[in-house]
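Residue numbers (this note's numbering): 161 to 354. For every residue, glycine included, the Cβ atom is placed at its ideal position computed from N, Cα and C.
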């Protein structure tokens, strides 16, 4: 219960899952501390197809909190909503309105070749609650109730990547500008001293 309270304080949901732990990406650590009960649970997820172990914990709740912290408040809350742990699933109209409010035109992500209507959207063969999967290359972005939601997830991921690149390029160009200013002032100082 302590970790549930900590999660509430931090504004993070503990994402529910269908496994033994009851939490998403929280697994029994079969070979770690099993005899003592210490570090009995692991928080682990796939990143780019490889398993990333976030840590080992004495309780499933603590491991779930670690996973939510790894995701960050915004993504963890969004995943909780998509998993049905939050409000009811949005209608297609609500998804399109949300996309428009975020400055995203989902029509840009339409595909006639994809049977679900959008690039990077697929339907899982056995899932029924959230059968639509959103992917960006080899990166799994999540499962959703509708193809429109999956397209919005993909659009958000692309926008986040573009923002990160713009920020990086902005820092690089400002660093270059600072370097040029320093070399000019240094050169001016040398000329004045002679």
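message: Check this for me: beta carbons of residue 217 and residue 236, under 9 angstroms apart or not?
response: Along the chain shown, one-based indexing puts residue 217 at 57. Along the chain shown, one-based indexing puts residue 236 at 76. No.
message: Given the structure, does residue 182 come close to the ligand GTP, in the sense that its CB is under 8 angstroms from one of the ligand's heavy atoms?
response: This structure lacks the ligand GTP, and indeed carries no ligand of any kind.
query: What alpha helix (DSSP H) runs, 4 residues minimum, are completely inside the segment 237 to 320?
result: 252 to 261
field: C-alpha gap between residue 231 and residue 273, whole angstroms
entry: Mapped onto the chain shown, residue 231 falls at position 71. Mapped onto the chain shown, residue 273 falls at position 113. Near 32 angstroms, if we compare the C-alpha coordinates of residue 273 and residue 231.
message: DSSP has residue 187 in a bridge; who is on the other side?
response: Counting from 1 along the chain shown, the entry for residue 187 is found at position 27. The partner list for residue 187 (beta bridge, DSSP) reads 202.
message: For the alpha helix (DSSP H) containing residue 165, name the first residue and the last one.
response: Indexing the chain shown from 1 puts residue 165 at position 5. Residue 165 -> alpha helix (DSSP H) spans 162 to 170.
- prompt: Quick one: what's got a C-beta closer than 8 angstroms to residue 212's C-beta in the same chain, skipping five residues either side?
  reply: For the purposes of this step, residue 212 is taken as residue 52 along the chain shown, with counting starting at 1. Answer for residue 212: 204, 205 and 206, listed in chain order.
query: What's the gap between the Cα of residue 247 and the Cα of residue 268?
result: On the chain shown, position 87 is the one that residue 247 refers to. On the chain shown, position 108 is the one that residue 268 refers to. Model confidence at residue 247 stands at a pLDDT of 49, short of 50, so the residue's coordinates are unreliable and nothing is read from them.
- prompt: Taking just the CA atoms, how far does residue 329 sit from residue 271?
  reply: Mapped onto the chain shown, residue 271 falls at position 111. Mapped onto the chain shown, residue 329 falls at position 169. Roughly 31 angstroms separates the two Cα atoms.
field: Coil, strand or helix - residue 175 by DSSP
entry: For this step, residue 175 is matched to residue 15 along the chain shown. Residue state, collapsed to three classes: coil.
query: Nearest-angstrom Cα distance between residue 200 and residue 162?
result: Residue mapping note: residue 200 aligns to position 40 of the chain shown, counting from 1. Residue mapping note: residue 162 aligns to position 2 of the chain shown, counting from 1. Computed Cα separation, rounded: 17 angstroms.
message: With H, G and I counted as helix, E and B as strand and the rest as coil, what does DSSP make of residue 215?
response: Indexing the chain shown from 1 puts residue 215 at position 55. The answer is strand: DSSP assigns residue 215 an E or B state.
message: Between 304, 184, 258 and 283, which has its C-alpha nearest residue 226's C-alpha?
response: The residue labelled residue 226 in the question sits at position 66 within the chain shown. Considering only alpha carbons, the answer is 184.
- prompt: Taking the alpha carbon of residue 298 as the point to measure from, which residue in 209, 276, 321 and 320 has its own alpha carbon closest?
  reply: Numbered from 1 along the chain shown, position 138 holds the residue referred to as residue 298. The shortest C-alpha separation from residue 298 is found at 209.
- request: Look at the alpha carbon of residue 175 and the alpha carbon of residue 326, and state the distance between them as a whole number of angstroms.
  value: If you number the chain shown from 1, residue 175 lands on position 15. If you number the chain shown from 1, residue 326 lands on position 166. Straight-line measurement puts the Cα of residue 326 at about 31 angstroms from the Cα of residue 175.
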